[in-house]
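Undergrad: Those protein sequence lines, which keep their order, are chains A and B. Residue numbering for the first sequence follows my numbering, beginning at 25 and increasing consecutively. Residue numbering for the second sequence follows my numbering, beginning at 88 and increasing consecutively. Using N, Cα and C, we set each Cβ at its ideal position, and we do this for glycine too. Remember, predicted model here, so these are calculated numbers, not experimental data. There's a structure below that I have some questions on.
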Amino acid sequence: MSAPFLSIQKDRSETVLFPKGEWCLWTLGKHYQTLQSITLEDRKLRKVIIDLSEILKIDTGGAVLLLSLKKRLEGQKFSVRFENGSDETLQILNLVHHYPLNLEEASKKSSAFRSFVLRLGESTVNLLSLTLQLTSFFGEVIVTLLQSLRRRSSFRLISFCSHLQDVGVNALPIVGLISFLIGVVLAYQGVTQLKRFGTEIFTVNLLALGILREVGILITAIVVAGRSGSAFTAQIGTMVLNEEVDAMQTMGLDPVNVLVIPRIMALMIALPLLTFFSDIVGLLGGAFMTHTLMDLSYVQFIEQLKLAITPTTFWVGMVKSPFFAFLIGLVGCFEGLQVSGSAESIGQHTTKSVVESIFLVIVADAAFSILFSYLGI
Amino acid sequence: MTHSPSLSHNPEKPVIDIKNLVTNFGSTLIHENLNLTVFKGEIIGIIGGSGSGKSVLLRTILGLKLPQSGSIRLLGKDIYHAPESAQEHVDKSCGVLFQNGALYTSLTVRENILVPLKEVTQIYPPFADSIVALKLGMVGLPLDTALKYPSELSGGMTKRVGLARALALDPSILFLDEPTSGLDPISAEAFDTLLKKLHAHLGFTVFMITHDLDTIKSVCTRIGVLLHKKLFLGTFEELKKMEDPWIHDYFHGNRARKIFGKGF
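See the structure below:
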């Protein structure tokens, strides 16, 4: 402590405390604990006077400390009073004196076990109601989709096109780059492993089946979920916060029709196209790598490709993409509409949207695998 | 001690001193050679039509928008040319209530009020709670507000919490941006009363942008009218007599007559 800010004098009949110097918020944080530890040992002197004459400056923070000191001493059966305060000091003490200085009365803490049970129950109920809401949103979207197919005029063509540009065309570079690199990596692994058996030509089969059936669509879906699903959530969430969605409803516009349908439709058109692009570029990456590692010419690559695959191989991957697109769009828009209250909520729901849509895409992919093996494809 | 913001200033020294301020957006001039001097303990109300540059003036004084030329002194320090330590000192002596409260949405009311405190000093939980309770009491909010999040508050409560946060450091200057806009007349009047009471006890200086005729009449000691890129400053009586058509309309319009009485 740099300067003494409180001195104690004992008289015959009373204890006098002299607070000194600045009693302001910024000087007192560090003095708080020292002040709390002050105890008056001499129990015979029941009278305590806090002499305010040496205070140079005081604000509400200092007043809070002085008053809580007074209250504490009074709790220990001392009689305490203030003396010799300047007008300014007394004014602030009077002001602060009027207000309750104890928050704990308002914020009663519940026990750890109780709050654990409460939280467990809360998150269980939340999970159930989330499932319910998502299902009902699914139904709403399907119904609106069918309606807009029947009444073409209610379909938002311009919005649809702008989203198509956004989620489709603008995603081409990143989808292309990632697919190419995945093709390269798969080919490299294939060649090094299959070389041991002298069958490195089958790397092409591996590439063709892997990329066309699974990797192409999965990579594209994951990139799109991270890129467009999150964007949907953030866009719609901001509109919710801005009361734009409420405004729409009062004008008789259905948010699902105006905001959700064009986005989901755009995604359902864009994702198959992106998947096709990803398949081609992935195979290109593979061809490039086999050419480099095995000296396989591009013509030989294509000849081997023809032997390896049938149109079914391609369609097995392709057929999944509109379903995945629907899932990503559904979750993205749903989470966007769930946003409430604060900017933080947008962030939380965007994260949830990406995690949930990738999770659902992979679950759906597993379901498709089971279905295809059951059908013997 | 030398670095601590002080509550008491030499009364002759102006708290806010603006000289020949020029601000612009691109080629559009907002203020042209604007002057303003505010002394300790005054409550200045700034009025002016939409787009007259009230908010820009406030933002410029707060250091959020760089002026083209001119000087702004707060508590005797030129905010755009002082060393960083002096600027920090000024920041800590200013409390600002933004128009929509500008509360941090991810923090509770309690944490919002403690944000400025945590910057200047180490605070211990019971002390912090006492300060929060005091500030909430001062702005007339129940204590259970402390644990709420801003999204759970009504408009009036948000403004009060904003004021509590602005008061957290016992500022020497309080800046208010339309404190009563969006409040019902009863809440607005309560806000006026509250401001007068706190002003009487804590003796801060207030710089306030407002459209509220009641506030201007009952709270402000002087009124500044932003007009023709300049500031016309005067007491209520002085401005009432001015010839300018905008000022005349302002003080003699139908709404004004209802509030200020039919006498003029």
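#1: Taking buried to mean at least 16 other C-beta atoms within 10 Å of its own C-beta, is B/S180 buried or exposed?
#2: Measuring only the C-alpha atoms, how far is B/L250 from A/L277?
#3: Using beta carbons (cut-off 7 angstroms, strictly below), is B/A251 in contact with chain C?
#4: B/T292 by DSSP, collapsed to three states: which one?
#5: For the segment 308 to 331 of chain A, which residues have a beta carbon sitting closer than 9 angstroms to at least one beta carbon of chain B?
#6: Using C-beta distances below 7 angstroms, list every residue in its chain close to A/T113, excluding the 5 sequence neighbours before and after it, in chain order.
#7: Taking all protein chains shown into account, decide if A/W339 is buried (16 or more other Cβ within 10 angstroms of its Cβ) or exposed.
#8: Could you run through the segment 271 to 297 of chain A and flag, in chain order, every residue whose CB is less than 8 angstroms away from some CB of chain B?
#9: Nearest CA to the CA of A/I225: which residue from A/D35, A/L317, A/L151?
#10: By the criterion of Cβ-Cβ separation under 8 angstroms, what are the contact partners of A/P124 in chain B?
#11: At what residue ranges does the segment 260 to 324 of chain B contain a whole run of the beta strand (DSSP E), taking only runs of 3 or more?
#12: State yes or no: is the beta carbon of A/Y56 nearer than 7 angstroms to at least one beta carbon in chain B?
#13: Short of 6 angstroms in beta carbon distance, which residues of its chain neighbour A/P286, apart from the five on each side in sequence? Order them along the chain.
#14: Can you tell me where the alpha helix (DSSP H) holding A/F221 begins and where it ends?
#15: Going by DSSP, what residues sit across from A/W47 in a beta bridge?
#16: For A/F29, does the three-state DSSP call read helix, strand or coil?
#17: Could you tell me whether the segment 260 to 272 of chain A touches the segment 355 to 364 of chain A, using the rule of 3 or more Cβ pairs below 8 angstroms?
#18: For the alpha helix (DSSP H) containing A/T336, list its first residue and its last residue.
#19: Is B/S158 helix, strand or coil when you go by DSSP?
#20: With 7 angstroms as the threshold, decide whether the Cβ of A/K44 is near any Cβ in chain B.
#21: Below 9 angstroms on C-beta distance, what does A/Q98 contact in chain B?
#22: How should B/A287 be labelled, buried or exposed, when 16 other C-beta atoms within 10 angstroms of its C-beta is the threshold for buried?
#23: Looking at chain B, is there any beta carbon in it that lies within less than 7 angstroms of the beta carbon of A/A258?
#24: Threshold first: 3 residues or longer. Then list the beta strand (DSSP E) segments lying entirely within the segment 188 to 268 of chain B, N to C.
#25: According to DSSP, simplified to helix, strand and coil, what is B/G182?
#26: What do you reckon, are the CB atoms on A/S254 and A/S377 nearer than 7 angstroms?
#27: Assuming A/T299 and A/G240 are in contact, meaning their beta carbons sit under 8 angstroms apart, how far apart are those beta carbons, in whole angstroms?
#28: Establish whether the CB of A/S10 and some CB of chain B are separated by less than 7 angstroms.
#29: In chain order, what residues of the same chain lie with their CB nearer than 6 angstroms to the CB of A/S345, ignoring the 5 residues before and after it?
#30: Considering only heavy atoms of the ligand COA, does any lie closer than 6 angstroms to the CB of B/D257?
#31: Please say whether A/G310 and A/L231 have beta carbons closer to each other than 7 angstroms?
#32: Along the chain, where does the alpha helix (DSSP H) containing A/L331 start, and where does it finish?
#33: Check the DSSP bridge columns for A/K71 and list the partner residues they point to.
#34: How is B/G132 classed by DSSP in three states: helix, strand or coil?
#35: Just to confirm, are B/V125 and B/V102 a CB contact at a threshold of 7 angstroms?
#36: Counting only the same chain and skipping the five closest in sequence on each side, list residues whose C-beta sits under 8 angstroms from that of B/T192.
TA: Let me spell this out:
#1: Classification of B/S180: buried, given that the 10 Å Cβ count is 16 or more.
#2: CA-to-CA, the gap between B/L250 and A/L277 works out to about 39 angstroms.
#3: Structure shown: chain C not included; protein chains present are A and B.
#4: It is a strand residue.
#5: Those residues of the segment 308 to 331 of chain A placed with their C-beta closer than 9 angstroms to a C-beta in chain B do not exist.
#6: Once the five neighbours on either side are set aside, the close Cβ partners of A/T113 are L76, I79, I82.
#7: Exposed.
#8: Within the segment 271 to 297 of chain A, contact with chain B at the beta-carbon level (separation under 8 angstroms) is assigned to no residue.
#9: The shortest Cα separation from A/I225 among A/D35, A/L317, A/L151 belongs to A/L317.
#10: Think of a sphere of 8 angstroms around the beta carbon of A/P124: the chain B residues whose beta carbon falls inside it are A220, G224, L230, in chain order.
#11: Scanning the segment 260 to 324 of chain B from its first residue to its last, the whole beta strand (DSSP E) runs of 3-plus residues come out as 260 to 264, 292 to 296, 309 to 314, 317 to 321.
#12: For A/Y56, the nearest CB of chain B lies under 7 angstroms from its own CB, placing it at the interface with that chain.
#13: Apart from sequence neighbours up to five positions away, the residues of its chain that approach A/P286 with a beta-carbon distance below 6 angstroms are R180, S183, F184, H187, ordered along the chain.
#14: Segment: none, A/F221 is in no alpha helix (DSSP H) and carries neither H nor E.
#15: Answer is A/I82.
#16: If DSSP states are grouped into helix, strand and coil, A/F29 belongs with coil.
#17: Flag = yes, the segment 260 to 272 of chain A and the segment 355 to 364 of chain A touch.
#18: Element bounds for A/T336: 335 to 362.
#19: Three-state result, B/S158: strand.
#20: Proximity of A/K44 to chain B, defined by a Cβ-Cβ separation below 7 angstroms, is not satisfied.
#21: The sequence shown places Glu at residue 98 of chain A, rather than the Gln named in the question. Neighbours of A/E98 in chain B, taken as residues whose beta carbon is under 9 angstroms from its own, are absent, since the nearest beta carbon is some 16 angstroms off.
#22: Burial state of B/A287 is exposed, judged by a 10 Å Cβ sphere holding fewer than 16 other Cβ atoms.
#23: At least 7 angstroms separates the CB of A/A258 from every CB of chain B.
#24: Those beta strand (DSSP E) runs which fall completely within the segment 188 to 268 of chain B and span 3+ residues are 260 to 264.
#25: Residue state for B/G182 is assigned as strand, using DSSP reduced to three classes.
#26: Between A/S254 and A/S377, the CB-CB gap stays under 7 angstroms.
#27: About 6 angstroms separates the two Cβ atoms, so the contact holds.
#28: In the structure displayed, chain A extends from 25 to 401; residue 10 of chain A sits before or after that span and is not available.
#29: Excluding residues within five positions, the ones whose Cβ falls inside 6 angstroms are I241, L295, P296, T299.
#30: Looking at this structure, you won't find the ligand COA or any other ligand, since it has none at all.
#31: Yes, the Cβ-Cβ distance between A/L231 and A/G310 is below 7 angstroms.
#32: Counting along the chain, the alpha helix (DSSP H) containing A/L331 begins and ends at 322 to 332.
#33: A/K71 is bridged by DSSP to A/E38, A/S103.
#34: In the three-state reduction of the DSSP assignment, B/G132 falls in the strand class, which pools E and B.
#35: Their beta carbons are under 7 angstroms apart, which means B/V125 touches B/V102 by this criterion.
#36: The answer, listed in chain order, is Y236, P237, S238.
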